[in-house]
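Undergrad: Following the numbering used here, the residues of the sequence shown are numbered contiguously, the last one being 430.
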Amino acid sequence: MRITEHPVPDDQNGFLLLYKLDGGSDSRGLPITYELWQLLDDRIPWSPELAKRCLAEHADLVAKIERIASLKTRSSANMPADYDGYLGVRKAECCADILLLKARLAAEAKDEKETLRLVAAAQNLASHLREVETPTLLGETIAIMVDLRIHSEAFKHLLPALGRDADLTQWRSVLAARNYTPAEFAKIIRGEWHTMARFCLDPGILDPNDPEVPPDAEALAHAYASSYSMQVTRLSMMNFEEFVSQDDEFSSAPFAQLSWKSRAIEKILFVGSKAWANGYARAASISSQYQATFDLLILEKSGKKLIPELAAEVTRDPISGLPFLFDPATRALSPPPAAAKLDVKPLNLPW
80 MRITEHPVPD DQNGFLLLYK LDGGSDSRGL PITYELWQLL DDRIPWSPEL
130 AKRCLAEHAD LVAKIERIAS LKTRSSANMP ADYDGYLGVR KAECCADILL
180 LKARLAAEAK DEKETLRLVA AAQNLASHLR EVETPTLLGE TIAIMVDLRI
230 HSEAFKHLLP ALGRDADLTQ WRSVLAARNY TPAEFAKIIR GEWHTMARFC
280 LDPGILDPND PEVPPDAEAL AHAYASSYSM QVTRLSMMNF EEFVSQDDEF
330 SSAPFAQLSW KSRAIEKILF VGSKAWANGY ARAASISSQY QATFDLLILE
380 KSGKKLIPEL AAEVTRDPIS GLPFLFDPAT RALSPPPAAA KLDVKPLNLP
430 W
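#1: Between the Cα of M317 and the Cα atoms of L129, A360, W272, A419, which residue gives the shortest distance?
#2: Jot down the residue ranges of each uninterrupted alpha helix (DSSP H) in the region 328-400, minimum 4 residues, whole runs only, in chain order.
#3: Let me check understanding here. Comparing Cα to Cα, which of A304, A175, A390, A371 lies closest to G351?
#4: Can you tell me whether N288 is helix, strand or coil according to DSSP?
#5: Alpha carbons only, please: which of I144, S149, M224, A391 is nearest the one belonging to L109?
#6: Comparing alpha-carbon positions, which option in L204, K235, A418 lies nearest L100?
#7: Using 8 Å as the cut-off, can you tell me whether the region 160-175 makes contact with the region 221-235, which would need three or more C-beta pairs spanning the two stretches below that distance?
#8: Out of G358, I377, L389, point me to the one whose CA is closest to K420's CA.
#9: Using only alpha-carbon positions, find the residue among A188, I347, H301, M158 that is nearest to F94.
#10: Under a three-way DSSP split, which group does A411 fall into?
#11: For L426, list the residues DSSP reports as bridge partners.
#12: Sort out for me which residues DSSP pairs L404 with in a bridge.
#13: How is R122 classed by DSSP in three states: helix, strand or coil?
#14: What first and last residue would you give for the alpha helix (DSSP H) that runs through L166?
#15: Quick one: give me the first and last residue of the alpha helix (DSSP H) that M316 is part of.
#16: Comparing alpha-carbon positions, which option in S308, D139, I229, H230 lies nearest K266?
#17: Buried or exposed for Q249, going by 16 or more other Cβ atoms inside 10 Å?
#18: On the three-state DSSP scale, how would you describe L208?
#19: How far does the alpha helix (DSSP H) with M224 in it reach, from first residue to last?
#20: Work out the CA separation of P294 and E345 for me, nearest whole Å.
#21: For P127, collect the residues of the same chain with a Cβ closer than 7 Å to its Cβ; drop the 5 residues on either side in sequence, then sort them by chain order.
#22: Report yes if the C-beta distance between Q336 and A356 is below 9 Å; otherwise report no.
#23: Rounded to the nearest angstrom, what separates R410 and A390 at their Cα positions?
#24: Any beta carbon from chain C within less than 9 Å of R122's own beta carbon?
#25: On the CB-based measure, 16 or more other CB atoms within 10 Å of its CB, does A160 come out buried or exposed?
#26: Label Y113 either buried or exposed according to how many other C-beta atoms from any shown protein chain fall within 10 Å of its C-beta, with 16 as the threshold for buried.
#27: What residue range does the alpha helix (DSSP H) around V141 cover?
#28: Determine contact between the region 368-379 and the region 272-280, defined as no fewer than three beta-carbon pairs at a distance below 8 Å.
#29: One question on the structure: do I398 and A363 come within less than 9 Å of each other, judged by their Cβ atoms?
#30: K192 by DSSP, collapsed to three states: which one?
#31: So, is D90 buried or exposed, given that buried needs 16 or more other C-beta atoms within 10 angstroms?
#32: If we count the other Cβ atoms within 10 Å of its Cβ and call it buried at 16 or more, is G164 buried or exposed?
#33: Hey, out of S381, D289, I386, whose CA is closest to L247's CA?
#34: Using a threshold of 8 Å, is the CB atom of T112 nearer than that to any non-hydrogen atom of the ligand SAM?
#35: Does the Cβ-Cβ distance between P414 and I386 come in under 9 Å?
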């Protein structure tokens, strides 16, 4: 499974610049004060004055984040020697949270244009993780966490601050659901294979002087390639119902005849698509749920009364193909049973 690289200049590479952004402690991800971290993590009450002061104290860092988030190019090619295939979880989350902090201040100032710019910038940070040549399962997980954080913040704080006059069509477009499909997930598995083989598997089995190298190292490498290739092929042809009910038995078949050392390595490094499928499918359902909510709000703004039957006319749950369930009394949109099993919660309209 060869990967075609598309290098971009270092100063235009959003993925590289995000990776190189100065890191902080493990709990904060960036070199920020404890006070700002508390504010971003909702550990202290919201204070616009404190938010403004913290952003001013971190002006250089905020400027770097905004520039990275504005870039439309990204690549995992030509990375530094210390790159091990993965980017720290908290760093990307913290960058997005800082942009959303600025967005909340803009929304409270009724500056919708600036609010949308910052929300789109936070969305683009997630794109830096998933739209490189070798996306990874960890990178996609971080991107999903950022996406869901953006949507949650929009409904809890940004839209309520802007009020009913907000440009809902534009918001729907900016927060449009990414193309979550099993075929797109297959591309992530393909990138995961490339990253795992380059940084984890090959360095551990290609040193002939290492006594721990298995006697059938080449066969192990071929087995891994075969296993991932089968996953990619199978995922590319699945629908969502098959995706959430799949198993990983087929993926272990190539390892059956290998030495015990190779099978031990397989058990440590093997990644099956089933282990990640539910989280990916849950994100797909939640993203569509937000889109359906925008659909309802737009219909209401056009003069329609929101009734349960109207849910059948808007965006549907991608897992089951069924409509979400709307309750006019609570103004909440709930998942159909298939999505509820994935822990998708009811979503309240922002007003």
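We put the beta carbon where it would ideally sit given N, CA and C, even for glycine.
TA: So, from the data block:
#1: As a working note, residue 317 is residue 238 in the sequence shown. M317 has its Cα closest to that of A360, out of L129, A360, W272, A419.
#2: The qualifying runs are 328-331, 339-348, 353-380.
#3: Indexing the sequence shown from 1 puts residue 351 at position 272. Of all alpha-carbon atoms in A304, A175, A390, A371, the one lying nearest the alpha-carbon of G351 is that of A304.
#4: Within the sequence shown, numbered from 1, the residue matching residue 288 stands at position 209. Looking at N288 - three-state DSSP - the assignment turns out to be coil, as it is neither helix nor strand.
#5: Taking the first residue of the sequence shown as 1, we reach residue 109 at position 30. Residue nearest to L109 within the set I144, S149, M224, A391 is I144 (criterion: CA-CA distance).
#6: The sequence position of residue 100 within the sequence shown is 21, counting from 1. Closest option to L100, Cα to Cα, is L204.
#7: Touching, yes, given that three or more Cβ pairs across the two stretches are closer than 8 Å.
#8: Residue numbering aside, residue 420 sits at position 341 when the sequence shown is read from its first letter. Check the Cα spacing between K420 and each of G358, I377, L389: the tightest is with G358.
#9: Residue mapping note: residue 94 aligns to position 15 of the sequence shown, counting from 1. Shortest Cα-Cα distance from F94 to any of A188, I347, H301, M158 involves M158.
#10: As a working note, residue 411 is residue 332 in the sequence shown. Looking at A411 - three-state DSSP - the assignment turns out to be strand.
#11: Your numbering for residue 426 matches position 347 in the sequence shown. Bridge partners of L426: L412.
#12: As a working mapping, residue 404 is identified with position 325 in the sequence shown. DSSP output for L404 lists S413 as bridge partner(s).
#13: Within the sequence shown, the letter at position 43 stands for residue 122. When DSSP states are grouped into helix, strand and coil, R122 belongs to the coil group.
#14: As a position in the sequence shown, residue 166 is number 87, starting the count at 1. Unbroken run through L166: none, as it is neither H nor E.
#15: One-based indexing of the sequence shown puts residue 316 at position 237. Counting along the chain, no alpha helix (DSSP H) covers M316, and no H or E run does either.
#16: Taking the sequence shown and counting its residues from 1, one reaches residue 266 at position 187. With distances taken between Cα atoms, K266 lies closest to S308.
#17: Taking the sequence shown and counting its residues from 1, one reaches residue 249 at position 170. By the 10 Å Cβ count, Q249 comes out exposed.
#18: Sequence index remark: in the sequence shown, residue 208 carries index 129 (1-based). DSSP, reduced to helix, strand and coil, places L208 within a helical segment of the structure shown.
#19: Locating residue 224 in the sequence shown gives position 145, counting from the first residue. First-last of the alpha helix (DSSP H) with M224: 216-232.
#20: The residue given as residue 345 occupies position 266 in the sequence shown. The residue given as residue 294 occupies position 215 in the sequence shown. Cα to Cα, E345 sits roughly 14 Å from P294.
#21: As a first step, residue 127 must be located in the sequence shown, where it is residue number 48. So the qualifying residues of the chain are L184, E187.
#22: In the sequence shown, counting from the first residue as 1, residue 336 sits at position 257. In the sequence shown, counting from the first residue as 1, residue 356 sits at position 277. With a cutoff of 9 Å on beta-carbon distance, Q336 and A356 are scored as not near each other.
#23: Indexing the sequence shown from 1 puts residue 410 at position 331. Indexing the sequence shown from 1 puts residue 390 at position 311. About 12 Å.
#24: Here chain C cannot be found, since the structure has a single protein chain.
#25: Within the sequence shown, numbered from 1, the residue matching residue 160 stands at position 81. Counting the other CB atoms within 10 Å of its CB gives A160 a total below 16, which places it among the exposed residues.
#26: Counting from one through the sequence shown, the residue named residue 113 turns up at place 34. With fewer than 16 Cβ atoms within 10 Å of its Cβ, Y113 is classed as exposed.
#27: Residue mapping note: residue 141 aligns to position 62 of the sequence shown, counting from 1. Residues 138-149.
#28: No: fewer than three Cβ pairs fall under 8 Å.
#29: Stepping through the sequence shown from its first residue, residue 398 is reached at position 319. Stepping through the sequence shown from its first residue, residue 363 is reached at position 284. Between I398 and A363, the gap from beta carbon to beta carbon is short of 9 Å.
#30: For the purposes of this step, residue 192 is taken as the residue at position 113 of the sequence shown. In the structure shown, K192 adopts helical secondary structure according to DSSP, grouped into three states.
#31: For the purposes of this step, residue 90 is taken as residue 11 along the sequence shown, with counting starting at 1. Exposed is the call here.
#32: The residue labelled residue 164 in the question sits at position 85 within the sequence shown. The Cβ neighbour count for G164, taken over all protein chains shown within 10 Å, is at least 16; the residue is labelled buried.
#33: Position 168 of the sequence shown, counted from the start, is the residue given in the question as residue 247. Looking at the Cα atoms, S381 is the closest of the given residues.
#34: Within the structure as shown, the ligand SAM is missing, as the structure has no ligands at all.
#35: Looking up residue 414 in the sequence shown gives position 335. Looking up residue 386 in the sequence shown gives position 307. In this structure, P414 lies away from I386, with their beta-carbon atoms at least 9 Å apart.
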